[in-house]
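Participant: My structure is below; once you've seen it, I'll send some questions.
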Amino acid sequence: MRDLPNIAFDNSYARDLEGFYVPWAGSRAPAPEVLRLNAGLAAELGLDGPSLASGPGAAMLSGGTAPEGAVPLSMAYAGHQFGGFSPQLGDGRALLLGEVIDRLGKRRDIHLKGSGRTPFSRGGDGKAVLRPVLREYLFGEAMHALGIPTTRALAATLTGEEVVRQDGPEQGAVLARVAASHLRVGTFQFFAARGDVEKVRQLADYAINRHFPKVADRDDKYLELFRRVRDSQAALVAQWVLVGFVHGVMNTDNTTISGETIDYGPCAFIDSYDPKAVFSSIDQHGRYSFGNQPPIMLWNLSRFAETLVDLVNPADSDDAVRQLTNEINAFPSHYQALWLKGMRAKLGLFKELPGDLDLANDLLAAAEGQGVDYTGLFRALGVFVRGNVMPVRALFADPGIFDGWMERYLRRMRDETIPDTTRAAAMDRVNPIYIPRNHLVDAALSAAAAGDMEPFDRLLALVSAPFSEQADAEDYALPAPESFGKFTTYCGT
Ligand code: AMP
Ligand code: MG
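All residue numbers for the sequence shown refer to the working numbering, where the first residue is 53 and numbers rise by one.
Written out as structure tokens, the structure is:
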């Protein structure tokens with residue numbers, strides 16, 4: 053029998069931020085078993101894979117036993133959920149096990165989700181179940197492979213316990229995930245809402261030291277903290293929109309300071325291009341719809357800015373509000389520039405020309421209502437650039453709609469002396485073939501719940517190398533068959 057994994061923890065959150073958390077222990081799982089271990093990520097963290105996958109490793113990854121050097125804790129945070137403020141949320145079913153410094157010298161949190169009740173559980177049972185745990189595993193890896201900042205799964209561990217959910221009993225599971233940190237806009241809100249300016253300052257200093265150390269010596273460091281978070285979130289949401297990702301629950305407690313995607317609950321990728329696409333059963337009014345994500349991020353950043361007013365200018369809050377408002381107002385144009393840069397790459401355009409924004413927007417306007425598969429569209433444009441117009445035309449219910457736009461695209465490409473093959477190859481490097489499509493994810497998770505991990509492993513392998521065509525995987529690049537119907541995701545994880 054192996055011992056508990058030996059992990060070189062260095063727990064700055066526990067050390068530097070007393071009063072921001074409750075030290076806590078996870079529940080003991082009756083029969084923990086590591087179902088999937090992310091061996092590549094374990095290696096990146098300098099952790100020993102086999103000992104993590106062992107019996108003692110499973111006990112640790114389910115939260116029941118803490119290894120030497122861990123200081124497990126539940127974090128306090130607040131948050132705006134669907135626009136309404138909850139002054140106390142916090143880790144209701146999660147623990148920060150500790151932090152490690154990875155092979156590249158980066159500090160990473162090791163965090164458990166589903167490890168039992170905590171002082172922040174409110175009415176919840178503190179548990180997680182297999183399907184959503186594997187869902188988060190799969191989406192995190194897919195986003196990482198797409199080059200999008202994200203938390204990542206280290207392991208999915210079965211607890212051996214039955215957990216009752218909406219549709220009956222499910223298998224209990226714990227997700228071990230790794231993040232640049234678990235600081236959220238909601239963490240700032242927790243202390244700001246209590247009027248505790250000193251704690252907000254302490255948190256801001258911690259965030260600066262951890263994520264933006266170069267800012268620490270600036271006179272305007274708190275304003276610069278805001279700018280940095282704004283810019284990383286603008287970049288993140290631009291990347292979501294460029295790949296067709298809908299987060300689904302962009303509450304301020306799910307908005308990180310690090311700029312990583314966090315909390316894959318009711319998320320989904322769009323199939324047909326539709327700015328109004330909503331998948332979450334609880335998002336009745338489309339607050340978090342595909343096309344509403346940039347303005348919602350702006351809204352969330354405004355809530356973040358509010359927590360920083362007393363730090364930006366302690367002597368004159370009107371002046372602080374003015375300064376922060378200026379920075380908030382810069383978000384839309386900054387976001388648009390990032391999105392356009394991404395769209396140029398997706399369209400294989402190298403130069404920056406004035407008509408590009410209209411060209412990109414008009415492609416999407418043409419696709420809307422035409423049942424055009426968003427992911428397939430850009431791969432098909434690569435085929436078009438190589439000389440075959442058939443696949444892209446076939447995506448449009450009325451192919452004539454594409455033809456009008458096509459003439460402009462051809463003219464625009466003639467403004468550059470780039471060989472077609474070079475252009476198409478560049479497009480293929482940024483336009484994925486394989487994404488976690490809703491029907492495939494659904495099938496993989498249902499099979500996993502029935503004990504068959506093969507579809508999950510196959511899908512995970514494909515979305516982990518999303519840009520390169522793989523053998524016998526044609527079906528994985530296609531949208532859902534019509535019989536799949538409208539897809540709905542649920543928060544009840
Ligand atoms: P999430 O939807 O996972 O982002 O969680 C939102 C809030 O609800 C957080 O404070 C969670 O800790 C809490 N929460 C979600 N599910 C549970 C659960 N099963 N037991 C306790 N708290 C939960
Ligand atoms: Mg959350």
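All C-beta atoms, glycine included, are put in the ideal place defined by N, C-alpha and C.
(1) Could you tell me the alpha carbon to alpha carbon distance between A290 and L390, rounded to whole angstroms?
(2) Taking the alpha-carbon positions, what's the A194 to R229 distance?
(3) Determine, using beta carbons only, whether N303 and F134 come nearer to each other than 9 Å.
(4) Using a Cβ-Cβ cut-off of 6 Å (strictly less than) and excluding sequence neighbours within five positions of A320, which residues of its own chain qualify?
(5) Are the CB atoms of R438 and T473 within a distance shorter than 9 Å?
(6) For the alpha helix (DSSP H) containing F436, name the first residue and the last one.
(7) Which whole runs of the alpha helix (DSSP H) in the segment 62-143 are 4 residues long or more, in chain order?
(8) Cβ of N306 within 8 Å of any heavy atom in ligand 2?
(9) When burial is assigned at 16 or more other CB atoms within 10 Å of the CB, is M112 buried or exposed?
(10) Is A146 near ligand 1, going by C-beta to nearest heavy atom under 8 Å?
(11) What do you get for D335, buried or exposed, if any count of 16 or more other CB atoms within 10 angstroms of its CB means buried?
(12) Give the range of the alpha helix (DSSP H) segment to which A60 is assigned.
(13) Measuring alpha carbon to alpha carbon, tell me which residue in Q522, D509, V493 is nearest F536.
(14) Specify whether the segment 224-243 and the segment 258-276 touch according to this definition: at least 3 beta carbon pairs, one from each stretch, less than 8 Å apart.
(15) Beta carbon of G456, beta carbon of A418: below 9 Å?
(16) CB of N303 to nearest heavy atom of ligand 2: below 8 Å?
(17) Do you know how far the Cα of A118 is from the Cα of G546?
(18) Determine which residues share a DSSP beta bridge with R253 and list them.
(19) Counting Cβ pairs closer than 8 Å, one from the segment 261-279 and one from the segment 197-213, do we hit at least three?
(20) In chain order, which continuous runs of the beta strand (DSSP E) of length 3 or greater are located wholly inside the segment 364-422?
(21) Which word fits A268, buried or exposed, when buried means at least 16 other C-beta atoms lie within 10 angstroms of its C-beta?
(22) In the DSSP output, which residue or residues are listed as bridge partners for D525?
(23) From S341 to H386, what distance separates their C-alpha atoms?
(24) Starting from the Cα of L147, find the closest Cα among P184, F436, A128 and give me that residue.
(25) Give the range of the alpha helix (DSSP H) segment to which A477 is assigned.
Facilitator: Let me lay it out:
(1) For A290 and L390, the distance between alpha carbons rounds to 6 Å.
(2) For A194 and R229, the distance between alpha carbons rounds to 14 Å.
(3) Taking 9 Å as the Cβ cut-off, N303 and F134 qualify as a contacting pair.
(4) V298, F331, N490, T541
(5) yes
(6) 426-437
(7) Taking 4 residues as the shortest admissible run, the segment 62-143 contains the following complete alpha helix (DSSP H) segments, listed from N- to C-terminal end: 64-68, 91-96, 101-105, 107-113.
(8) yes
(9) buried
(10) yes
(11) buried
(12) Counting along the chain, A60 falls outside any alpha helix (DSSP H), and DSSP gives it neither H nor E.
(13) V493
(14) yes
(15) yes
(16) yes
(17) Residue 546 lies beyond the residue range present for the chain, which begins at 53 and ends at 545; the question has no answer from this structure.
(18) The partner list for R253 (beta bridge, DSSP) is empty, contrary to what the question assumes.
(19) no
(20) none
(21) Around the Cβ of A268, a 10 Å sphere holds fewer than 16 other Cβ atoms; the residue is exposed.
(22) It should be pointed out that residue 525 corresponds to Ala in this sequence rather than to Asp. For A525, which the question treats as bridged, DSSP gives no partner whatsoever.
(23) 21 Å
(24) A128
(25) 472-482
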